[in-house]
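Protein chains in written order, with the working numbering: chain A, 166 to 324; chain B, 5 to 321.
What follows is the structure, given as structure tokens:
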């Protein structure tokens with residue numbers, strides 16, 4: 166299947182993920198907000214390893230830091246770590262059934278929360294409320310729909 | 005087409021991949037450290053903020069549309085109900101205001117007798133909050149008004165309850181507010197009842213501030229109202245900061261730590277007021293540190309802080 170020329174989708178998905186990260190949520194469920202950007206980066210690292218690698222993860226992370234006003238480099242570090250693990254296990258991950266893939270993504274997101282908590286701990290920044298530790302579960306549940314939607318977009322034949 | 009393409013990653017899992025990982029990790033850590041230590045990256049951040057400003061506007065759009073729809077959908081009876089309630093409130097406020105005006109005049113006269121500098125009126129500008137969620141571990145707000153609307157860095161931000169924070173970064177159409185509750189924030193305050201001067205620190209939680217190094221001997225009680233003292237020149241004096249909700253001894257047992265419930269409503273989706281005409285003279289952190297030197301010896305300042313409190317403090321209720 167020829168998927169060249171489908172790469173315009175990549176910046177678009179990043180942009181949408183950034184907007185979803187900013188979108189105001191009611192305070193009680195704010196902690197459950199999935200890490201959209203990580204899902205998107207994971208998708209591209211798995212599906213387009215030639216175009217999306219560590220550099221892509223880093224640049225996306227820095228942009229996310231600027232947009233969400235977090236510590237510059239925090240998202241970058243988290244996404245680079247995730248992209249690296251994904252690259253290592255890409256060969257296996259690709260051929261997992263989707264459900265199993267979602268589980269793996271959930272594990273990665275959990276690992277990402279640990280990384281974030283470690284950064285905050287080292288710098289003496291406040292830790293997030295415990296609810297944020299449930300966000301990886303939400304992220305894992307969203308993996309299957311997200312994967313299918315993006316696949317559908319990319320598989321459509323160009324005119 | 006994408007400039008962020010990563011040319012050679014067909015076969016990761018080798019040494020090169022690990023080296024690249026280390027390089028990017030080092031880069032990220034360097035960024036984190038520089039940003040955390042402050043200073044160096046501020047300029048770059050401000051420039052970049054101009055670029056991401058449209059994204060903020062876009063992200064705030066759904067909330068604004070939702071609000072507009074809610075406002076369009078309200079019924080006539082609700083409007084008239086609202087109108088009636090607001091009229092009543094206005095009446096009560098006006099009565100209080102009249103009463104306060106007498107006291108303000110008297111205050112001004114007494115100040116004149118004392119030879120103290122007169123304090124100007126309250127010159128404010130209304131600015132809407134851009135309803136988007138920033139990094140949850142930081143206490144920041146984004147305003148939908150920027151340098152084009154006359155917002156300047158260092159301006160004090162208040163709402164009906166009291167001080168909210170200060171403007172720390174301005175782009176043409178947005179402004180970032182550092183809330184009182186941010187871990188990086190400290191504000192010089194005084195107890196309005198006694199004039200004891202202290203510092204209120206943010207601890208990164210939206211519902212709490214802390215007063216540290218309160219001498220055990222000083223006259224501080226649970227329930228005391230805390231207002232800005234005006235020391236350091238960054239915040240004008242006399243605006244409510246919060247109310248003391250608990251007092252406990254610190255680790256050394258020589259001082260008390262006071263918990264403070266913020267007076268301002270630190271949630272989103274409303275308008276805030278920006279104070280004009282309070283030009284920041286000094287850099288805030290240094291000024292705050294200076295003020296912390298003698299927290300107990302507040303008597304000299306007594307004429308200053310409580311005298312200024314009633315107009316704004318009472319209006320808030």
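Where is the CB? At the ideal position from N, CA and C, for every residue including glycine. In this text, all values refer to a predicted model and were calculated from it rather than measured experimentally.
(request) Would you check if the segment 27–36 of chain B and the segment 236–252 of chain A touch, i.e. whether three or more CB-CB distances between them fall below 8 Å? (result) yes
(message) Out of 182(A), 256(A), 253(A) and 205(A), which one is the CA nearest neighbour of residue 323(B)?
(response) Because chain B here runs from 5 to 321, residue 323(B) falls outside it and cannot be looked at.
(message) For residue 199(A) and residue 228(B), what's the separation of their Cα atoms in angstroms?
(response) When rounded, the distance between both Cα atoms is 41 Å.
(request) For residue 23(B), decide whether its Cβ has a neighbour in chain A, counting only Cβ atoms nearer than 8 Å. (result) Contact of residue 23(B) with chain A is not assigned, every C-beta pair being separated by 8 Å or more.
(request) Whole angstroms is fine: what's the gap from residue 275(B)'s alpha carbon to residue 175(A)'s? (result) 37 Å
(message) According to DSSP, residue 194(B) sits in a beta bridge with which residue or residues?
(response) 201(B) and 231(B)
(request) Using the Cα positions of residue 240(B) and residue 222(A), report the straight-line distance between them to the nearest angstrom. (result) 45 Å
(message) So, for residue 298(A): in the same chain, excluding its five sequence neighbours on each side, which residues have a beta-carbon less than 7 Å away from its beta-carbon?
(response) Within the same chain, and ignoring the five residues on either side of residue 298(A) in sequence, the residues whose Cβ sits closer than 7 Å to its Cβ are 278.
(message) I want to verify the contact list: residues of chain A whose CB lies under 8 Å from the CB of residue 180(B), in sequence order.
(response) 234
(request) Compare the C-alpha of residue 227(A) against each of 71(B), 48(B), 192(B) and 20(B) and name the closest. (result) 48(B)
(message) Pull the bridge partners of residue 85(B) from the DSSP assignment, please.
(response) According to DSSP, residue 85(B) bridges with nothing at all.
(request) Have a look at 212(B), 201(B), 235(B) and 233(B) and flag the residue whose alpha-carbon is nearest the alpha-carbon of residue 219(B). (result) 201(B)
(message) So the candidates are 267(B), 212(B) and 277(B); which of them puts its Cα closest to the Cα of residue 261(B)?
(response) 212(B)
(request) Please compile the residues from chain B whose C-beta is within a distance smaller than 8 Å of the C-beta of residue 245(A). (result) 25, 28, 29 and 32
(request) For the beta strand (DSSP E) containing residue 259(B), list its first residue and its last residue. (result) Run containing residue 259(B): 259–266, per the beta strand (DSSP E) assignment.
(message) On the DSSP letters alone, give me the boundaries of the alpha helix (DSSP H) that residue 131(B) sits inside.
(response) Looking at the DSSP string, residue 131(B) is not in any alpha helix (DSSP H); the run it does join, the beta strand (DSSP E), is 128–132.
(message) For residue 311(A), report the span of its alpha helix (DSSP H) as first-last.
(response) 300–320
(request) Compare the C-beta of residue 144(B) with all C-beta atoms of chain A and state if any pair is closer than 8 Å. (result) yes
(message) Contact criterion: CB-CB distance below 8 Å. Does residue 284(A) meet it with respect to chain B?
(response) Yes - at least one Cβ of chain B is within 8 Å of the one on residue 284(A).
(message) Would residue 167(A) pass as an interface residue toward chain B - the criterion being a Cβ-Cβ separation below 8 Å?
(response) With a pLDDT of 47 at residue 167(A), under the threshold of 50, the modelled position of this residue cannot be trusted, and the question is left open.
(request) Confirm, please, whether the CB-CB distance from residue 174(B) to residue 161(B) is below 8 Å. (result) no
(request) Establish whether the CB of residue 195(A) and some CB of chain B are separated by less than 8 Å. (result) yes
(request) Say whether chain B places a C-beta atom closer than 8 Å to the C-beta of residue 111(A). (result) Missing from the structure shown is residue 111(A); chain A here goes from 166 to 324 and no further.
(request) State the start and end residues of the unbroken beta strand (DSSP E) segment that holds residue 214(B). (result) 213–219
(message) In chain order, what are the residue ranges of uninterrupted beta strand (DSSP E) at least 3 long that sit wholly in the segment 124–190 of chain B?
(response) 128–132, 144–147, 160–162, 167–174 and 179–183
(request) State yes or no: is the beta carbon of residue 56(B) nearer than 8 Å to at least one beta carbon in chain A? (result) yes
(request) Give a yes or no on whether 8 Å exceeds the smallest Cβ distance from residue 189(B) to chain A. (result) With 8 Å as the cut-off, residue 189(B) does not count as an interface residue toward chain A.
(message) Let's see if you can read the secondary structure: which residues bound the alpha helix (DSSP H) around residue 245(A)?
(response) Run containing residue 245(A): 239–253, per the alpha helix (DSSP H) assignment.
(request) List the residues of chain A whose Cβ lies closer than 9 Å to the Cβ of residue 208(B), in chain order. (result) 290, 291 and 292
(request) Determine, using beta-carbon pairs with one atom in the segment 72–85 of chain B and one in the segment 150–158 of chain B, whether at least three such pairs fall under 8 Å. (result) no
(request) Look up residue 220(A) in the DSSP assignment and say whether it is helix, strand or coil. (result) helix
(request) Can you tell me which of the three DSSP states residue 109(B) falls into? (result) Note: residue 109(B) maps to helix in three-state DSSP.
(message) Going by DSSP in three states, residue 276(B) sits in which element: helix, strand or coil?
(response) strand
(message) Within 8 Å of any Cβ in chain A, is that where the Cβ of residue 266(B) sits?
(response) no
(message) Using the three-state DSSP reduction, which class does residue 207(B) fall into: helix, strand or coil?
(response) coil
(request) Measure the alpha-carbon distance for residue 280(B) versus residue 127(B) and round it to whole angstroms. (result) 5 Å
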